[in-house]
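Enquirer: Before we start, here is the structure in question, set down as structure tokens.
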Amino acid sequence: MSKKMEKILIPLIAIALGILLGCVILLVSGQDVGALFNGLIKSATGFDLSKPQNGLNLRYPGEFLVSSMPIILTGLAIGFAYRCGMFNIGAEGQVIVGSLVSCMVAILVPMPGMMAAIVCLLAGGLAGALWAFIPGILKCQFNISEVVTGIMLNYTALYGANYFLKALPESTTTRTVNIPANASLSSDFLSELTNNSRLHWGFILVIICVIAYWFIIEKTSFGYSLRATGFNKEGARYAGIKVNKSTILSIMISGFFAGLAGAIILQGTFGYGRVMTAAENYGFDGISVALVGGCNAIGILLSGLLFGLLKVTQPLLQTSGIPKEIGDIISSSIVFFVAIQYAIQYILNKLEIKKGKAHAKKAGDVQ
Amino acid sequence: MEYAVEMLNITKEFPGIKANDNVTLQVEKGTIHALLGENGAGKSTLMSILFGLYQPTSGIIRINGNEVSINDPNDANRLGIGMVHQHFKLVDCFTVTENIILGKEPLTKYKTVDLKETSKKILELSRRYGLDVDPYSKIEDITVGMQQRVEILKMLYRNADILIFDEPTAVLTPHEIEELIDIMRNLKKEGKTIILITHKLKEIKEVADKCTVLRRGRYIGTVDVSQTSQKEMAEMMVGREVDFTVEKPDIQVGEKVLEVKDLWVKNSRGLDAVKGFSFSVAKGEIVGIAGIDGNGQTDLVYALTGLSKVEKGKILFKGQDITKLDVKGKVKCGIGHIPEDRHKHGLILDFKLKENMVVHEYDGEYSKNGILQFSKIDEYTDRLIKEFDVRSGQGKETITRSMSGGNQQKAIIAREIDRSPELLIVVQPTRGLDVGAIEYIHRRIVEERNKGKAILLVSFELDEILSLSDRIIVMYNGGITGAVKASETDEKQLGLMMAGEKIEGVSDHE
Amino acid sequence: MSILISMVPATLMVATPIIIAALGGLFSERSGIVNICIEGIMMVGGFAGATVCVLLESDPTFGPYAGWLGLLAGLVVGIIYSLLLAVSTINFKADHTIAGTAINMLAAGITIYLCQIIFGQQRTIAFSKGISKMKKIPLLSDIPIIGQAFTGIYPTIFIALILVLVTWFVVYKTRFGLRLRSCGENPHAAASMGINVYKTRYAAVMISGALAGLAGAIMVLTNGIQYTASSIHGVGFIAIAALIFGKWHPLGTLGAGLFFGFSSALGVYASMIPLLNLIPSEFFSCIPYILTIVALIIFSGKAVGPKASGQIYDAGKR
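Protein chains in written order, with the numbering used here: chain A, 1 to 367; chain B, 1001 to 1510; chain C, 2001 to 2318.
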């Protein structure tokens, strides 16, 4: 089997296994499996199989996109760093910081017109990039694992952000005031188009980011240097690449994507800052999205939509009597199956040999 | 005569390849038996089978006359088989004692590991065989030669009678090699049976009784070492007459291209590795740097190519000071580098071949406004593949990892030579390659010299240095112990210098 | 002074699960498996502990011991759940961090899912007692002034202290400990000495699961009244921090765990202490995380963690 085929097949098999596992769990615990699929279809298309007379309700696909947007961005964040050899588990914290700074700028700095929304987005992105700079520099200067630093910074961001959010003028203990209308990404037009969903202009930003990701990684010499660093640091040094610089830049760009995710959640989905007791796992969802998407742009877009769908379907499931956590179980087990792709590969190879299609494979390291 | 080890008609297949094809090895008790073959001839596989790391596809193993099946190293140990691996299997932060008893720990009456009594026992054992190892020191604090002795002690502690040495001299200084050979003779005297895996004919001649030769996984023959010349054994190993001498016409040496003055470089652990090194390389000559691995050669090359910082001293390239230039700067001014470790430095194995061909120029000639020019890259790669006969499954699109070692090295050589650098730094260019590839690469290097390029060759293989170089500089402990013309020296003199002896009357012929 | 004394029980209560979970991490990392899913295993353990406690409370025979049986349940379920990490990293060569992340996420989903199935709500039913505080500790509580510090503490702290000593003994004095450490430092060396790296690592991960599961159950049964999605709220990661801060050593881990427990208690009590009450309570919540980063910077350059930790072991590669 060609490497390329395998790259596409493995995530698909993992997805299938994840959904299968979800069904088995539902069955064993005496739940209605049909409702799961009905919910998924309804979320994706707005068409309710059990009530066909209602026709399409575009609010569902609207909300589906709303929930996919930030995790596509965090998926890009994780993927970008991963391609450069970094595991940016700190994306969670970068989302929180991005969201916080975008909120602070929106509330504290009055700006005219459209500018406000754009400046706030950039502020959120930059804040995420700066937060990501910390694990980047610690990795390069002291060789400290970015995973450990990232986790520590996630919680630091969570608690720290709460302090600042509560300190903003007129904040309550649970939320800030609404951000000014011109800093918001929400759109009456989009909302009306989708039967009052929260769909907002953030989707344009997401599309731009997906294209930028693809272009930078695959087409530019900068992307070449990042990929070289990710594959083989010493080899990159030999090629004259400044490895520390690429490492820090890559995790900062990663942080920028994560910060943007935070900003669009604030400016688009909610419109105010929320004091949180626990993280909302956008960063961790990004890990799932990136891994299942194979860390390439199109893959991340598609898997972002898949995970967004699972996420947005959850409340629907709850109303139809299925515990909504089945969505979490399915998505986390998909990641688990991708993580053990060695096993899937092994089985695929076995199947292939059985089919007798196997060509003599180059033997690995015989020595 | 009684056999300690008999491996009869052993075949071992890996997916797509026969690593051992009907190989037979019979080792008499109390002898030193060499196992000779090129890289990839199947020596390591055969020994891994004997040590229980692999199971043979077919064949019979007899130990002391009894047929056995060896399923893991534990079985091997029970049968009295021990192995000194080429890459030592030691836990750095453990003491010598802890390393030796690992897996077979004696307990005190409180069920704790008994380090005290065992350390004493190990000290005795070490004295008995003249090994002189301190059981209380940590592995990370002792020399490589000492670490090897710890490996030997591990086997003796387990009462092994059959000892396998896998390329034991690769990491040792000439002096340490002599000591090791004494130790091996000692062991033989005590009745141990030794299997010595090597490709160094000289050592076989010195210490072994019998020699079995493998080639491409097949059994070629077993000879009595005292009755066989080195040349005969070499021919058995390679399968044809070999002539390692390289045709090298005398040519006029031109002006100096590289001048290094009082160079000091620190290694990755922050210790001085190159200490006041001075030399030069001129157009049309190959200067060989000889020395045992670990005497600062790597750091010298890193400094010359910009991978390491220079602490003190100067590097001049055609009279210009390039000491402070980084990798890119040095590449630009005309230095080519065929690195020591092609997997670590030379290639990015997960890149396509074409991406690897432009590592120096990906952001120069082959990109425009920061965007890679793939059509140009494709064209260039196709040309190099053709000119240098680089073979790979899917041409320029091949993932480099899947290529053979020889072709990977050819790709690097193509890339570096095609840029036509005025100074070519070549480090260990033929490590792990078969004879065909070695001959090809040697020819290309000499061709470059004949074209008037300056070449700096760093190699741990004395033969390679002697056959290619015009001048030889011996590096020891970061400094120079001698500089001689290749035509005026021999292995013995170089060996002394490599061990740190400064030879009177030998001076830099410049 | 009196505030300090009254902070002791709170410190110990918070520190206990941190210490025990960190010891779990120690076993796993010493064997070479990075256990980033301590958090997840704690959730599962906490859920199991709360559930068993709730279900047995009214039982006439088991009722009085429901809390302790809950702890046992947490331990057992922790072992079972940790097998996911073992299988994926040891047999299927998964990246330890990625597998651990997936297992964490799965824990959050599966525990609440089961709550919904068993209790019909997104949390367990509240238990009435859990583990009770000790009213008095013989001798210690009788000491004047500071004796008060030992009044009203949970007996689980003694489990933690005993486990610290046992861990130290096992890791540094026994045959298993030597082998465990060799697997984490150089698994190929261990394998060449006939040690079964796979088995050793399985054992280590399962011990890790037992301790993390126990820690989760202790946390819920002492600290809370029921299991909810936010019962564990990052303590698993604080345990990892304590492990690093304590330099992968049982006694260091104990110290770090107590310190983090103290800083957490300080966050609660700060409002009663002059000067400290000016510092926002969020700051105290951040302390363990920030300090761990600082500690890592200070330790950097000196390799203190197991060398092969996180590396995928493949017997075929040499």
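Just so it is clear, CB atoms sit at the ideal spot from N, CA and C, and this is done for glycine as well.
All figures in this text were calculated on a predicted structure; none of them were measured in a lab.
Quick check on Q2311 (chain C) - is its C-beta less than 8 Å from some C-beta in chain B?
Expert: Chain B, which has no Cβ nearer than 8 Å to the Cβ of Q2311 (chain C), makes this no.
Enquirer: For a test of the three-state rule: what should DSSP assign to V177 (chain A), helix, strand or coil?
Expert: Strand at V177 (chain A).
Enquirer: How is A360 (chain A) classed by DSSP in three states: helix, strand or coil?
Expert: Note that A360 (chain A) scores 43 on pLDDT, short of 50, meaning its location in the model is unreliable and no value can be drawn from it.
Enquirer: Along chain B, in chain order, which residues have C-beta atoms closer than 8 Å to that of I2195 (chain C)?
Expert: Going along chain B in sequence order, the residues near I2195 (chain C) (Cβ under 8 Å) are L1102, G1103.
Enquirer: For D328 (chain A), which option in C:L2180, C:I2110, C:V2304, C:L2178 has the closest C-alpha, if you only look at C-alpha atoms?
Expert: Of C:L2180, C:I2110, C:V2304, C:L2178, the residue nearest in Cα terms is C:I2110.
Enquirer: Between S1392 (chain B) and I1438 (chain B), what straight-line distance do the alpha-carbon atoms span, to the nearest angstrom?
Expert: If you take the alpha carbons of S1392 (chain B) and I1438 (chain B), they lie about 18 Å apart.
Enquirer: Would you call G1436 (chain B) buried or exposed, if buried means 16 or more other Cβ atoms sit within 10 Å of its Cβ?
Expert: With fewer than 16 other Cβ atoms within 10 Å, it is exposed.
Enquirer: Compare the C-alpha of S99 (chain A) against each of A:F307, A:N162, A:I137, A:N88 and name the closest.
Expert: With distances taken between Cα atoms, S99 (chain A) lies closest to A:N162.
Enquirer: Note down, one range per segment and in chain order, each beta strand (DSSP E) of at least 3 residues found wholly within the region 159-203 of chain A.
Expert: Listed in chain order, they are 175-178.
Enquirer: Can you look up F47 (chain A) in the DSSP assignment and give me helix, strand or coil?
Expert: Three-state result, F47 (chain A): strand.
Enquirer: Indicate the three-state DSSP secondary structure (helix, strand or coil) for H1509 (chain B) in the structure shown.
Expert: Reliability of the predicted coordinates at H1509 (chain B) is poor, the pLDDT of 43 falling under 50, and no value is obtained from them.
Enquirer: My guess is that N2035 (chain C) and G2049 (chain C) are in contact by the Cβ rule of under 8 Å, so how many angstroms apart are they, rounded?
Expert: Actually they do not touch by this definition, with Cβ atoms about 20 Å apart.
Enquirer: Are the Cβ atoms of K1111 (chain B) and T2167 (chain C) separated by less than 8 Å?
Expert: For K1111 (chain B) and T2167 (chain C), no; Cβs fall outside 8 Å.
Enquirer: Output needed for G46 (chain A): all residues of its chain with C-beta closer than 6 Å, excluding positions within five of it in sequence on either side, in chain order.
Expert: So the qualifying residues of the chain are L56, N57, L58, Y60, P61.
Enquirer: Which residue from C:V2008, C:T2051, C:R2030 puts its Cα closest to that of I2240 (chain C)?
Expert: The shortest C-alpha separation from I2240 (chain C) is found at C:R2030.
Enquirer: Contact check, A2308 (chain C) vs E2185 (chain C) under 8 Å by CB: the rounded distance?
Expert: That pair is a contact at about 6 Å.
Enquirer: Could you check whether F2127 (chain C) and C2053 (chain C) sit closer than 8 Å to each other, using their CB atoms as the reference points?
Expert: Yes, these two residues count as a Cβ contact at 8 Å.
Enquirer: Tell me E1167 (chain B)'s beta-bridge partners as DSSP assigns them.
Expert: Paired residue(s): none; E1167 (chain B) is not in a bridge.
Enquirer: Would you list, in chain order, the members of the region 1109-1124 of chain B that have their beta-carbon closer than 9 Å to a beta-carbon of chain C?
Expert: Cβ contacts with chain C come from Y1110, K1111, T1112, V1113.
Enquirer: Hey, is L1107 (chain B)'s beta-carbon within less than 8 Å of any beta-carbon in chain C?
Expert: So, interface residue.
Enquirer: Could you check if F2169 (chain C) is buried or exposed, using at least 16 other CB atoms within 10 Å of its CB as the buried criterion?
Expert: Classification for F2169 (chain C): exposed.
Enquirer: Cα-Cα, which of C:A2217, C:S2192, C:F2260 is closest to D1075 (chain B)?
Expert: The shortest Cα separation from D1075 (chain B) among C:A2217, C:S2192, C:F2260 belongs to C:S2192.
Enquirer: Give the single residue among B:G1037, B:E1006, B:A1034, B:Y1054 whose Cα lies nearest to the Cα of K1012 (chain B).
Expert: Minimum Cα distance to K1012 (chain B) is reached at B:Y1054.
Enquirer: Can you check whether the C-beta of R237 (chain A) is within less than 8 Å of a C-beta belonging to chain B?
Expert: By this cut-off, R237 (chain A) is an interface position.
Enquirer: Thinking C-beta only, is I1472 (chain B) closer than 8 Å to I1480 (chain B)?
Expert: No.
Enquirer: Name the residues in the region 1340-1354 of chain B whose C-beta lies less than 9 Å from a C-beta of chain A; which are they?
Expert: Result list: D1341, H1343, K1344, H1345, G1346, L1347, I1348, L1349, D1350, F1351.
Enquirer: So which residues of chain C does V335 (chain A) contact, with C-beta pairs closer than 8 Å?
Expert: Residues of chain C passing the Cβ test: I2098, T2101, A2102, M2105.
Enquirer: Does G1370 (chain B) come within less than 8 Å of chain E when only Cβ atoms are used?
Expert: Going by chain labels, chain E is absent from the structure shown, which instead holds the protein chains A, B and C.
Enquirer: With a threshold of 7 Å, establish whether the CB of S2132 (chain C) neighbours any heavy atom of the ligand GDP.
Expert: Judged by which ligands are present, the structure shown has none, so any question about the ligand GDP falls away.
Enquirer: Do C84 (chain A) and Q267 (chain A) have their CB atoms nearer than 8 Å?
Expert: Not closer than 8 Å, so no.
Enquirer: Can you tell me the Cα-Cα spacing of D2314 (chain C) and I151 (chain A), whole angstroms?
Expert: Distance between the alpha carbons of D2314 (chain C) and I151 (chain A): 28 Å.
Enquirer: Which residue wins for smallest C-alpha separation from T238 (chain A), given the options B:I1100, B:G1336, B:A1041, B:E1006?
Expert: Note that residue 238 (chain A) is Tyr in the sequence shown, not Thr. If we check each option's Cα against that of Y238 (chain A), B:G1336 comes out closest.
Enquirer: Using the beta-carbon of each residue, which ones in chain B are nearer than 9 Å to A228 (chain A)?
Expert: Here the neighbours are I1348, F1351, E1355, V1359, Y1362.
Enquirer: By Cβ distance, which residues of its chain are closer than 8 Å to A360 (chain A), with the 5 residues on each side in sequence left out?
Expert: Because A360 (chain A) carries a pLDDT of 43, less than 50, the predicted location of this residue cannot be relied on, and the following value inherits that uncertainty. Same-chain partners within the cutoff: there are none.
Enquirer: Would you say S1507 (chain B) reaches chain C, if we count a Cβ-Cβ gap shorter than 8 Å as a contact?
Expert: Residue placement at S1507 (chain B) cannot be trusted, given a pLDDT of 48 that sits under 50; what the coordinates show is reported in the next sentence. No, S1507 (chain B) lies away from the interface with chain C (no Cβ there is under 8 Å from its Cβ).
Enquirer: Confirm, please, whether the CB-CB distance from F1279 (chain B) to V1260 (chain B) is below 8 Å.
Expert: Closer than 8 Å, so yes.
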